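First the structure, in the form of structure tokens, and then the observations on it.
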Amino acid sequence: MPPSASSSAELSEWRARRILSSTTFLLLVAILLFGASWPVVKLAMVTTSASPLWLAAVRSCLACVTLIIFRGGRLVRPSRQDMPALLAVGVLQLTIFFLLCHLSLRFVPAGQTAILSNAALIWVVPLAALLRQKEPLLRWCAAAVTLAGVVVIVQPWTIEWDDFNKISSYAALLIAAFAWACTIVITRLRSPRLNFVDLLPWSFAISAAILVFIAFVFDTSVRVPLQAWPAAIFNGMVVAPLGTLCLLEISRRLSSMVSAISFMAIPLTGVVLGKLMLGEVINAELMIGGLLIASGIVVASRS
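Converting from the sequence shown to this note's numbering requires adding 72 to each position, the first position being numbered 1.
Right under this line is the structure:
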């Protein structure tokens, strides 16, 4: 017999609650994993003198192996249509972005790294304009607000300009955000045939090959001390594969605006954990700058 209207409504409500609870769980997992990532890496560098180059290389290697095992060794071969997105994610985001963030962590607090690395919006809108894509005025305003947040956090008026390490680290974070912005623009213009879950193992493989080569060339002593391996395993086998899959699934389920608002909890978590794990200072400038960047992303998503 066909189910009654009341039982169908109850079933639909039960399914909706189940989807909501699972989405909330995935979001919390992603926030905690990515929020803890930079403080954990910073702690490994501070306490064990681990090489940032090798930590980044090991991250991609372990993530690639973990994803292949997770898929039971079954990989979908990408086509020519997938190449732009595959290379953008593998080279720009998983290689350049994370390499520059790892290098910056030596001289920049983990909380600032978590926030500034999420400021890709300041580059996305101008890049889209250069490619002759019409961006609404509200999105330009959002980029300006995000840039104001970056300025408040970096406070260029207080920087000692002879401090090369600090200046180069902030510059590296802005370049990292630029690499992420290029990834966004490229994947928007050249959408892949495969979904990103199928592309991730290949992208991590490309990233692992490049990063291992760079590490061998510029840091011949493979410096990942035994004490640093828990951090390397956490980032490579948990955060990178599991956290990324959670973000992809959340983006599929939620609207872009809700996703953007939700993902801003990640740098906030990084700031809080940086305070708890490393004793980093949470000052007014960091809070105001973080709120400005978050506001810019929300406004851009809403537009």
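We put the CB at the ideal spot given by N, CA and C, even for glycine. This structure is a prediction, so every number in the text was calculated from the model and none was measured.
Within a Cβ cutoff of 6 Å, which residues of the same chain sit near residue i, ignoring the five residues on either side of it in sequence?
i	result
Phe170	Ala128
Ile103	Ala337, Ile338, Thr341
Thr95	Arg325
Can you tell me the Cα-Cα spacing of residue i and residue j, whole angstroms?
i	j	result
Leu299	Thr120	The residue asked about is misnamed: residue 299 is Gln in this sequence, not Leu. Distance between the alpha carbons of Gln299 and Thr120: 6 Å.
Met370	Pro111	The sequence shown places Val at residue 370, not Met. If I take the Cα positions, the gap works out to 25 Å.
Gly361	Ala88	37 Å
Asn141	Arg90	Checking the sequence, you will find Ile at residue 141 rather than Asn. If I take the Cα positions, the gap works out to 28 Å.
Leu159	Ala281	13 Å
Leu199	Leu83	46 Å
Gln184	Leu271	30 Å
Phe250	Gln153	24 Å
Cys318	Pro273	15 Å
Ala366	Asn267	28 Å
Trp252	Glu85	38 Å
Val130	Val284	8 Å
Asn355	Ile231	16 Å
Ser80	Leu175	55 Å
Pro208	Leu246	23 Å
Gly368	Ile194	9 Å
Trp233	Arg146	52 Å
Phe97	Met359	26 Å
Met73	Leu92	Note that Met73 scores 45 on pLDDT, short of 50, meaning its location in the model is unreliable; the coordinates nonetheless yield the value given after this. Approximately 30 Å, taken between the alpha carbons.
Leu177	Ser240	11 Å
Ala201	Val343	32 Å
Ala372	Lys206	13 Å
Ile305	Leu203	40 Å
Arg260	Val118	38 Å
Trp229	Ser293	38 Å
Ala248	Ala186	12 Å
Leu210	Ile286	40 Å
Phe288	Trp301	18 Å
By Cβ distance, which residues of its chain are closer than 7 Å to residue i, with the 5 residues on each side in sequence left out?
i	result
Leu99	Ile322, Ser334
Arg262	Pro156, Ala157
Phe106	Val311, Gly315, Ile338
Ser109	Asn307, Val311
Leu255	Rather than Leu, the amino acid found at residue 255 in this sequence is Thr. Ala160, Val161, Leu164, Gln165, listed in sequence order.
Ser132	Leu166, Phe276, Ser279, Ala280, Leu283
Glu352	Pro181, Ala182, Gly183, Gly346
Glu357	Val224, Ile225, Gln227
Leu320	Phe268, Val269
Where do the ends of the alpha helix (DSSP H) carrying residue i lie?
i	result
Leu219	209-226
Pro313	Counting along the chain, Pro313 falls outside any alpha helix (DSSP H), and DSSP gives it neither H nor E.
Leu172	170-176
Met155	155-159
Gly183	182-188
Met349	337-350
Ala135	124-142
Pro150	First-last for Pro150: undefined, no H or E at that position.
Ile305	301-305
With the cut-off set at 7 Å, would you say residue i and residue j are in Cβ contact?
i	j	result
Val197	Trp212	yes
Ala220	Leu364	yes
Cys173	Phe276	no
Leu188	Met309	no
Tyr242	Val226	yes
Ser151	Arg295	no
Thr218	Ala191	yes
Gly346	Ala215	no
Pro313	Leu125	no
Asn237	Phe179	yes
CB-CB under 8 Å to residue i, same chain, minus the five flanking residues each way: which ones, in chain order?
i	result
Ala17	This structure cannot speak to residue 17, because the chain is shown only from 73 to 375.
Val148	Leu266, Asp270
For residue i, verify whether its CB is less than 6 Å away from any heavy atom of the ligand COA.
i	result
Met349	You won't find the ligand COA in this model; it holds no ligand whatsoever.
Ordered list of alpha helix (DSSP H) runs contained in the segment 226-275, each at least 4 residues: 236-261
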